[in-house]
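**Q**
In the numbering used here, the protein residues as written are 1107 to 1527.
(1) Between 1498, 1502, 1316 and 1152, which lies nearest to residue 1478 when the distance is taken from Cα to Cα?
(2) Specify, as a first and last residue, the run of the alpha helix (DSSP H) that residue 1434 falls within.
(3) Please classify residue 1527: does DSSP put it in a helix, a strand, or coil?
(4) Taking all protein chains shown into account, decide if residue 1527 is buried (16 or more other Cβ within 10 angstroms of its Cβ) or exposed.
(5) Taking residue 1315 as the reference, which of 1181, 1292, 1436 and 1433 has the closest Cα?
(6) Starting from residue 1186, follow its DSSP beta bridges and name the residues at the other end.
(7) Going by DSSP, which residues form a beta bridge with residue 1199?
(8) Give the straight-line distance between the Cα atoms of residue 1152 and residue 1142, rounded to the nearest whole angstrom.
(9) Out of 1365, 1238 and 1445, which has the shortest C-alpha to C-alpha gap to residue 1070?
(10) How many Å lie between residue 1208 and residue 1181 at the Cα?
(11) Going by DSSP in three states, residue 1486 sits in which element: helix, strand or coil?
(12) With a threshold of 7 Å on Cβ separation, who are the neighbours of residue 1313 within its own chain once the five nearest residues in sequence on each side are excluded?
(13) Which whole-angstrom value is the C-beta distance of residue 1067 and residue 1518, which I expect to be below 8 Å?
(14) Among the candidates 1407, 1415, 1328 and 1294, whose CA atom is the shortest distance from the CA of residue 1433?
(15) Start and end of the beta strand (DSSP E) containing residue 1302?
(16) Ignore the nearest five residues each way along the sequence and tell me which others in residue 1330's own chain have a CB closer than 6 Å to its CB.
(17) I'd like the list of long-range same chain contacts for residue 1393, defined as Cβ closer than 6 Å, with 5 residues on each side in sequence excluded.
(18) Quick one: which unbroken alpha helix (DSSP H) runs of 4-plus residues sit fully inside the region 1207-1232? Chain order, please.
(19) What does the Cβ neighbour count give for residue 1158, buried or exposed, with the cut at 16 atoms within 10 Å?
(20) Can you find the residues in the same chain that come closer than 6 Å, C-beta to C-beta, to residue 1256, ignoring five residues on each side of it along the sequence?
(21) Classify residue 1422 as helix, strand or coil using the three-state DSSP reduction.
(22) Give a yes or no on whether 8 Å exceeds the smallest Cβ distance from residue 1177 to chain D.
(23) If we ignore side chains and look at the alpha-carbon of each, how far apart do residue 1260 and residue 1363 end up?
(24) What's the C-alpha gap between residue 1310 and residue 1133?
(25) Leaving aside the five residues before and after residue 1191 along the sequence, list all residues of the same chain whose C-beta is less than 7 Å from its C-beta, in chain order.
(26) Tell me whether residue 1222 is buried or exposed, calling it buried when 16 or more other Cβ atoms sit within 10 Å of its Cβ.
(27) Please list the segments of the alpha helix (DSSP H) lying wholly inside the region 1136-1182, counting only runs of 4 or more residues, in order along the chain.
(28) Would you kindly check if the distance between the Cβ of residue 1397 and the Cβ of residue 1126 is under 8 Å?
(29) Using 8 Å as the cut-off, can you tell me whether the region 1438-1448 makes contact with the region 1467-1485, which would need three or more C-beta pairs spanning the two stretches below that distance?
(30) DSSP state of residue 1275, grouped into three classes?
(31) From which residue to which residue does the alpha helix (DSSP H) around residue 1515 run?
(32) Nearest-angstrom Cα distance between residue 1224 and residue 1296?
(33) In whole angstroms, what is the alpha-carbon distance linking residue 1235 and residue 1350?
(34) State the Cα-Cα distance for the pair residue 1437 and residue 1409, rounded to the nearest angstrom.
Here you go:
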């Protein structure tokens, strides 16, 4: 018996397509991932107010599990829901830190977020460096683009692709004179030209030192950022905000820092941070900071909330688990998914911004095995009923592909053919 190459190729292509199609539509039908939990620290109760959102409802509750009405919950979070509280006539609000007015609350919220998909993403070594002190009120898009090479900076003219050697040498020499050690291991800038002002580019050199580089009146301006860490810097961001509290985020192998306007880099009070799995969010209010840490590598993550004071000292912590009934439902759904498909094709992930082509095994081996046995029984029954010849190669393929292979065998079987004498 010889392998029928054209049929086998079509069979495998069908199996691969079904390995995405069936799990995708199964999860959509079963509403698998539409649940999210969040939390905010209340300056009034000095406790966390938690939210749970699913496909059909949105609820509030306190740390003890007591359900709160929308009106009661939002009145405890004046910096988050300032608009609604103002409509209800709830301002001013008295707290231990002072009175909160609507104007104060509405103009105080700042947030930052870090996820594995941005930390681990492949980055092009190309950056836009604006003139930070333009003659007018707008930031003009420069005619060149900055490329970071292992031993120097290179400015490339976008119109004719030529290198501006003089400008490249001036900026490279300025960095070396400031103590920068090439190669540059991480860098970030904000290319959006409608931002209110420009803070240039932040980068980490080979000695793990962080610098800021700007163009001021055509000349390079460089300064060192105060950060104390021996951990390798993996990711940086720049986000110009008119409040000028922090420049952006700096992520290392084990920690997350805010690059502050005053005091240098401030380490966030997060324990056990894993850049390959954890999502971190920070919400700034004038009195407190709310931090949330989630492990995206697990199906039902526990969210760890931290409330910190003005000095980033932890004053309260709370763990919010996904409700047992939601976790149990997801487990039952994963049983069905394993039965339908012994493996699945993944296109999108929490850990990448790119379109993927990843083959993942079924989460439950026993149910995947039951699906394979079911597919083999169907194949035997249909072929015996129709009095068709059983094909050993098709049987072998179904043993590894289960119901996916059975469906493909309906159209592209048998995979083997008799050898010619």
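In this text, a Cβ means the ideal position worked out from N, Cα and C, and glycines have one as well.
**A** Per the coordinate set shown:
(1) 1502
(2) 1430-1446
(3) For residue 1527, the predicted model reports a pLDDT of 49, less than 50, meaning its position is unreliable; a value from the coordinates is still stated below. If DSSP states are grouped into helix, strand and coil, residue 1527 belongs with coil.
(4) Any reading at residue 1527 must be qualified, since the residue scores a pLDDT of 49, below 50, and its modelled position is unreliable; no value is offered.
(5) 1292
(6) In the DSSP output, where bridge partners are listed per residue, residue 1186 has none listed.
(7) 1206
(8) 23 Å
(9) With the chain covering only 1107 through 1527, there is no way to say anything about residue 1070.
(10) 12 Å
(11) helix
(12) 1287
(13) No answer is possible for residue 1067: the residues shown for the chain start at 1107 and end at 1527.
(14) 1407
(15) Run containing residue 1302: none; DSSP gives neither H nor E here.
(16) 1317
(17) 1149 and 1203
(18) 1208-1212 and 1222-1225
(19) buried
(20) 1289
(21) strand
(22) The chain labelled as chain D is not found in the depicted structure, where only one protein chain is given.
(23) 29 Å
(24) 42 Å
(25) 1180, 1181, 1184 and 1197
(26) buried
(27) 1176-1181
(28) no
(29) yes
(30) helix
(31) 1498-1517
(32) 14 Å
(33) 19 Å
(34) 19 Å
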